[in-house]
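If you count the sequence shown from 1, position 386 lands on 390 in our numbering, and the numbers rise without skipping.
What follows is a set of notes on a single structure, which appears directly below.
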Amino acid sequence: MMDQPATSRTIDTQCVVAGSGPGGLMLGLLLARAGVDVTVVEKHADFLRDFRGDTVHPSTLDIIDQLGLLEELLKVPHTQAPRLHAEIGGRDVTIADFSRLPTKCRFIAFMPQWDFLDFLAREARKLPNFHIVMSAEVTDLIEDGGRIAGLVARTPDGSVEIRAPLVVGADGRNSVVRAKAGLEVESFGAPSDVLWMKLSHQPDDPPYTMGHGGPRQGFVMVDRGDYWQCGYVVRKGSFAEVKEKGIEAFREAVAAVSPLPADRVGEIRSWDEVHLLSIRIDRLKSWWRPGLLCIGDAAHAMSPIGGFGVNLAIQDAVAAANILSVPLREDRLADRYLAAVEKRRAFPTKATQKLQLMMQSSSKKRQESATKRSGPPSFVRGIARWPFLAHLTGRLVGLGIRSEKVNMAALKAR
Numbered sequence: 005m006m007d008q009p010a011t012s013r014t015i016d017t018q019c020v021v022a023g024s025g026p027g028g029l030m031l032g033l034l035l036a037r038a039g040v041d042v043t044v045v046e047k048h049a050d051f052l053r054d055f056r057g058d059t060v061h062p063s064t065l066d067i068i069d070q071l072g073l074l075e076e077l078l079k080v081p082h083t084q085a086p087r088l089h090a091e092i093g094g095r096d097v098t099i100a101d102f103s104r105l106p107t108k109c110r111f112i113a114f115m116p117q118w119d120f121l122d123f124l125a126r127e128a129r130k131l132p133n134f135h136i137v138m139s140a141e142v143t144d145l146i147e148d149g150g151r152i153a154g155l156v157a158r159t160p161d162g163s164v165e166i167r168a169p170l171v172v173g174a175d176g177r178n179s180v181v182r183a184k185a186g187l188e189v190e191s192f193g194a195p196s197d198v199l200w201m202k203l204s205h206q207p208d209d210p211p212y213t214m215g216h217g218g219p220r221q222g223f224v225m226v227d228r229g230d231y232w233q234c235g236y237v238v239r240k241g242s243f244a245e246v247k248e249k250g251i252e253a254f255r256e257a258v259a260a261v262s263p264l265p266a267d268r269v270g271e272i273r274s275w276d277e278v279h280l281l282s283i284r285i286d287r288l289k290s291w292w293r294p295g296l297l298c299i300g301d302a303a304h305a306m307s308p309i310g311g312f313g314v315n316l317a318i319q320d321a322v323a324a325a326n327i328l329s330v331p332l333r334e335d336r337l338a339d340r341y342l343a344a345v346e347k348r349r350a351f352p353t354k355a356t357q358k359l360q361l362m363m364q365s366s367s368k369k370r371q372e373s374a375t376k377r378s379g380p381p382s383f384v385r386g387i388a389r390w391p392f393l394a395h396l397t398g399r400l401v402g403l404g405i406r407s408e409k410v411n412m413a414a415l416k417a418r
């Protein structure tokens, strides 16, 4: 699946984006619609990877609507969640309510990320100045006179150089681009990891998309239609200990916190069906250097709970396109524009990470005093006590700290 022949030794473009996740593809689509020649490189041959952030937030749906693509997107199979729920002490509690959001779509769309990425790539491919190179792994950056001037990627047909006035690192929390650029990372740690697995979905299962239980672990469920994507939260770095106790002990632990029937966990037959997601929260001290910008998880890794990472990546992409599309198109990119993107997105990033760290601090204290106190984190208990707070969490989850709107004038002025 390749638009640009990888056998070309050199490709010249106006912007090369490393990574075809939600942020990278959204940026590529927006820049191409604004008249910028853009090339996206992706190290995998397709988008088919399990257990990725699969939430399309109301703010993202608004962006898709601005682009005139909402009707087509909602034809892609998905589950709509106007509220998120948790089980607390056997009682179903709404922890996030999107019904009062000032948006067209007052729900989160749970859609397999590969379907969402396929949709963005399909729409972007309709534009003659959008190019995507699959099976192209970034191996190095090209530097010229102190500026980043492109990247080098390894493909099945050999190495390819892609030269551009701007390289964008959208290649996730293990970003090669940010490492090769020597950008300094500030890490804030995380007390938990998540073990992902699949359990079958039966007609009489609970009608909610999230659940929590137990004094030490949480349990998250995402409705995929014919199966549940389940996340079991464990102490940071404890997966080896969990495995040492055996698969049967693990099934019993999951059954104890899952609202599904206990025999359902028998579907977890081996450790091959349990996938570790190592949670960490970090961000770059500077998101850019001359000729290079990082966005999304490459700039700021988030905890996966709540889907904040996907939402922030999309918002970063919109802000970057709004600020950079005209300078790129007119060949007058300057450092101040890259700094402006970071300045625009720094506050919502820091505020969201601060919120996640506060939530994790509450969880850590709860774990340390588990013999005296059980149940879900204090912020979840607070929402259960004061239901009106569910609208506030709905706004934070659905829109984020600062939502972005597409600069349609920049897309039309070509």
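Glycine included, C-beta positions come from ideal geometry on N, C-alpha and C.
To test your reading of the DSSP string, which unbroken alpha helix (DSSP H) runs of 4 or more residues are found completely within the stretch 252-333?
312-333
Identify whether E46 lies in helix, strand or coil by the three-state DSSP scheme.
coil
Return the chain-ordered ranges of every alpha helix (DSSP H) run that is complete within the stretch 108-150 and spans a minimum of 4 residues.
117-129
Outcome for H304 when other beta-carbon atoms lying within 10 angstroms are tallied against a minimum of 16
buried
Beta-carbon within less than 7 Å of G218's beta-carbon, same chain only, minus the 5 sequence neighbours each way: which residues are those?
Since pLDDT at G218 reaches only 38, below the 50 mark, its modelled position is unreliable, and no value is offered.
Judging by CA-CA distance, which residue of L297, G229, A394 is the nearest neighbour of G28?
L297
Look at F120 and A128 and say whether their C-beta atoms are less than 8 Å apart.
Contact annotation: F120 and A128 have beta-carbon atoms that are not nearer than 8 Å.
Does E346 pass the burial test, meaning 16 or more other C-beta atoms within 10 Å, or should it be called exposed?
buried
How long is the line joining the alpha carbons of S163 and A22, rounded to whole angstroms?
15 Å
Taking the C-alpha atoms as reference points, what is the distance between Q3 and S103?
With the chain covering only 5 through 418, there is no way to say anything about residue 3.
DSSP three-state assignment for Q357, whether helix, strand or coil:
helix
Chain-order list of residues whose beta-carbon lies under 7 Å from that of I318 (same chain, five-residue window excluded)
P26, G27, M30, T64, I67
Judging by CA-CA distance, which residue of A49, I99, D122, E46 is the nearest neighbour of P81?
Looking at the Cα atoms, D122 is the closest of the given residues.
Could you tell me if N178 is buried or exposed, where buried requires 16 or more neighbouring beta carbons within 10 angstroms of its beta carbon?
Flag for N178 reads exposed.
Y231 versus A324 - alpha carbon distance
36 Å
Go ahead and label S24 buried or exposed: buried means 16 or more other beta carbons lie within 10 angstroms of its beta carbon, across all protein chains shown.
buried
Kindly indicate the opening and closing residues of the alpha helix (DSSP H) around G173.
Residue range 170-173 is occupied by the beta strand (DSSP E) that includes G173, with no alpha helix (DSSP H) assigned at that position.
Relative to the alpha-carbon of I152, which residue among R182, I136, N411 has its alpha-carbon at the smallest distance?
It is R182.
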